[in-house]
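In what follows, a single structure is set out as structure tokens and then discussed.
Number of protein chains: 2
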Amino acid sequence: MDFSQIELFDGISAASCTDMLVCFGAEFDSFRTGEVVCDYSDDPKRRVGIMRTGRASMIRIDESGNETLLEEVEEGDIFGEVLCFGDGGDYVKLICDEDCDVVFLKYDQITKRCEKACEHHSRLVANLFELMAKKTLSLGERIQLLSRRTTREKLMYYFRLESARRGGEFTLPMSHTRLAEYLCVDRSAMVRELKRLTDDGLVRVDGKKIRLTQAEF
Amino acid sequence: MDFSQIELFDGISAASCTDMLVCFGAEFDSFRTGEVVCDYSDDPKRRVGIMRTGRASMIRIDESGNETLLEEVEEGDIFGEVLCFGDGGDYVKLICDEDCDVVFLKYDQITKRCEKACEHHSRLVANLFELMAKKTLSLGERIQLLSRRTTREKLMYYFRLESARRGGEFTLPMSHTRLAEYLCVDRSAMVRELKRLTDDGLVRVDGKKIRLTQAEF
DNA sequence: TCCGTTTTGTTGCATTTGCAACAGATACCT
DNA sequence: AGGTATCTGTTGCAAATGCAACAAAACGGA
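For the protein sequence lines, the chains are P and D, in the order given.
Residue 114 in my numbering sits at position 114 of the first sequence, with consecutive numbering throughout.
Residue 320 in my numbering sits at position 103 of the second sequence, with consecutive numbering throughout.
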């Protein structure tokens, strides 16, 4: 097993990694596109997952069958019901968008002091801290997005963010249908608003290609 | 200075605490109700704050002057622009709801390996990890709330959560005006929906006293 | 290539929502 | 007690939104 590429184990020797895997109850697993990585309705495993490669979507399905895209889990991201989306009552699952490799750690073993006093235990916790900080940032960003009141504002906020991140013209990383779920608005209403935005000359939309008009800057 | 009551320093001797304060560039500060704890528009200090006592509200004000309550920071919570609500572009500030005591740490010093090799450095990072996990949970909850599409769903989700936490009948921890900002909906629209909910017999509302009707269970 | 599934574009309609405005109630400070 | 600021309850109205439905286009697997 090659640990060198895994951010989680950054700064920790391969030998230590192997040792520590036992302490943390580490489990490695792989999933194929479309498979369910975790099902948080009946999964009291208290595990923390780290996405090594691939992408997955945290999806909530409420009693009416509405699907909501809670978050996108990407390479290097940390996830888990202990961390997030704990108890809402609805059905929550993590579903694979692309084949992915995952490491699971037992949450309780992380904060517990290690009896074996592995020398790098603390380094791993520090790494986890950074992963958490990154996650917190992305959750905060999501809150900023969802706290916009209108579909228009949500779209513009999202576009500005992606535009700043990926460059002036960028390609949506998901389908329009999915984007509507992400923004938590009705798809048809979103498409309507998208048309208004283009009519007002604020954006150019061509399928998944989006470009903000300079008027915005 | 008494460190024993501060969760952040849990498991760390007073002597070590004093040592470490230097490593982390710790600053203690107090604020009075109404004062601005942090102003994230022009504050590139990269500090992490821990609320020792008191309560504060993270508020965003957009260019139109709309206020949004991003999060409630309570005793023991961790906060900071490095962690959350980083860059949206709008004006974001943390404002004191009750007199509060705060510790600030320099974010970069936390993850950096300590040259002085303070023995408890790693314990503190572990404590921070737990604080972060707690924060992540509350952010996740907030996302669950904001991802509801209608005002009715937001209200009911919020009431169920508070009801489970504080008991069958509970008192809103904020004014109706503030609640509307928290749910990110128009206040008058919220009041209207609140009335419909009572008409439908789902809740009883008496000022800040809320009770879910058993029909819900 | 063919077939089934998903996505997209579109529309009508009832409902919800944001917005603005105002008066009365309440809380807060001096 | 008086005065100011905030909160609450309410309304009308225009606009946005959710919902349902359907056909065409695109996609993906056998």
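Note that CB positions come from ideal geometry on N, CA and C, so glycine has one too.
Alpha carbon of residue i to alpha carbon of residue j, nearest angstrom
| i | j | result |
| --- | --- | --- |
| Thr198(P) | Arg142(P) | 24 Å |
| Phe434(D) | Val408(D) | Unreliable placement is indicated for Phe434(D), whose pLDDT of 40 sits below 50; the coordinate value is still reported in the next sentence. Their backbone Cα atoms lie some 24 Å apart in a straight line. |
| Ala215(P) | Thr111(P) | In this prediction, Ala215(P) scores a pLDDT of 48, lower than 50, which makes its location untrustworthy; no coordinate-derived value is stated. |
| Val402(D) | Leu83(P) | 27 Å |
| Ser230(D) | Glu298(D) | 29 Å |
| Met20(P) | Glu71(P) | 29 Å |
| Arg413(D) | Leu194(P) | 32 Å |
| Asp108(P) | Glu224(D) | 18 Å |
| Met373(D) | Arg46(P) | 27 Å |
| Tyr257(D) | Phe159(P) | 22 Å |
| Asp77(P) | Phe31(P) | 16 Å |
| Ser163(P) | Val73(P) | 20 Å |
| Val420(D) | Lys426(D) | 10 Å |
| Asp279(D) | Lys154(P) | 13 Å |
| Met391(D) | Glu315(D) | 12 Å |
| Gly54(P) | Arg404(D) | 42 Å |
| Ala15(P) | Asp90(P) | 42 Å |
| Asn66(P) | Arg365(D) | 10 Å |
| Gly385(D) | Leu378(D) | 11 Å |
| Glu292(D) | Val92(P) | 29 Å |
| His120(P) | Gln5(P) | 17 Å |
| Glu35(P) | Ser281(D) | 44 Å |
| Asn127(P) | Thr150(P) | 38 Å |
| His176(P) | Gly228(D) | 50 Å |
| Gly418(D) | Gly201(P) | 47 Å |
Beta strand (DSSP E) segment containing residue i, residue limits
| i | result |
| --- | --- |
| Met58(P) | Arg47 to Ile61 |
| Val420(D) | Val420 to Asp423 |
| Thr171(P) | Glu169 to Thr171 |
| Glu358(D) | Looking at the DSSP string, Glu358(D) is not in any beta strand (DSSP E); the run it does join, the alpha helix (DSSP H), is His338 to Leu363. |
| Phe248(D) | Glu244 to Phe248 |
| Thr213(P) | That residue, Thr213(P), is in no beta strand (DSSP E); it is neither H nor E in DSSP. |
| Glu72(P) | Glu67 to Val73 |
| Val36(P) | Val36 to Asp39 |
Supposed contact pair residue j and residue i - C-beta distance, whole angstroms, cut 8 Å
| i | j | result |
| --- | --- | --- |
| Met268(D) | Phe296(D) | 7 Å |
| Lys323(D) | Phe220(D) | The pair is not a contact, with the Cβ atoms about 18 Å apart (cut-off 8 Å). |
| Cys96(P) | Val48(P) | Rounded, the Cβ-Cβ distance is 18 Å, inconsistent with contact. |
| Leu311(D) | Tyr399(D) | Contact flag wrong, Cβ pair sits at about 15 Å. |
| Ser122(P) | Val239(D) | Not confirmed; about 20 Å, so no contact. |
| Phe321(D) | Asp246(D) | 7 Å |
| Leu131(P) | Leu356(D) | The Cβ separation is near 15 Å, so there is no contact. |
| Thr250(D) | Thr136(P) | The Cβ separation is near 27 Å, so there is no contact. |
Extent of the continuous alpha helix (DSSP H) to which residue i belongs
| i | result |
| --- | --- |
| Thr235(D) | Ala231 to Cys240 |
| Arg382(D) | Thr368 to Arg383 |
| Tyr399(D) | His393 to Leu400 |
| Asp199(P) | Arg187 to Asp199 |
| Tyr91(P) | Here Tyr91(P) belongs to no alpha helix (DSSP H); instead the beta strand (DSSP E) covers Tyr91 to Lys106. |
Proximal chain P residues relative to residue i, where beta-carbon distance stays under 8 Å
| i | result |
| --- | --- |
| Glu347(D) | Thr111 |
| Val342(D) | Ser122, Val125, Ala126 and Phe129 |
Per-residue contacts from residue i into chain D (C-beta, under 7 Å)
| i | result |
| --- | --- |
| Lys135(P) | Thr353 |
| Val37(P) | Here the premise fails: no neighbours, minimum Cβ distance about 17 Å. |
| Val73(P) | Within chain D, no residue comes near Val73(P); the closest Cβ sits about 13 Å away, beyond 7 Å. |
Candidates the options, of which the one nearest residue i by Cα
| i | options | result |
| --- | --- | --- |
| Ala406(D) | Arg369(D), Ser392(D) and Met391(D) | Arg369(D) |
| Asp101(P) | Thr136(P), Lys135(P) and Ala56(P) | Ala56(P) |
| Glu244(D) | Thr250(D), Cys234(D) and Glu252(D) | Cys234(D) |
| Ala397(D) | Glu292(D), Leu363(D), Thr270(D) and Gln222(D) | Leu363(D) |
| Asp423(D) | Thr388(D), Gly251(D), Arg404(D) and Thr394(D) | Thr388(D) |
| Gln361(D) | Gln5(P), Arg60(P) and Gly11(P) | Arg60(P) |
| Leu212(P) | Arg165(P), His176(P) and Thr33(P) | Arg165(P) |
| Arg395(D) | Ala350(D), Met275(D) and Gly228(D) | Met275(D) |
| Lys134(P) | Gln222(D), Phe302(D), Glu252(D) and Thr250(D) | Phe302(D) |
Partners in chain P for residue i, counting only beta-carbon separations shorter than 7 Å
| i | result |
| --- | --- |
| Phe321(D) | Residues of chain P passing the Cβ test: none, with the nearest at roughly 16 Å. |
| Phe376(D) | None at all; the shortest Cβ gap to chain P is about 13 Å. |
| Cys401(D) | Ser147 and Arg149 |
| Phe302(D) | Gly140 and Gln144 |
| Thr285(D) | Ser147 |
Listed by chain order, chain D residues near residue i by CB distance under 8 Å
| i | result |
| --- | --- |
| Thr213(P) | Those do not exist, as Thr213(P) stays about 17 Å from chain D at its closest Cβ, beyond 8 Å. |
Chain P residues whose Cβ lies nearer than 9 Å to that of residue i
| i | result |
| --- | --- |
| Val422(D) | Near Val422(D) there are no residues of chain P at all, since even the closest Cβ is about 22 Å away, more than 9 Å. |
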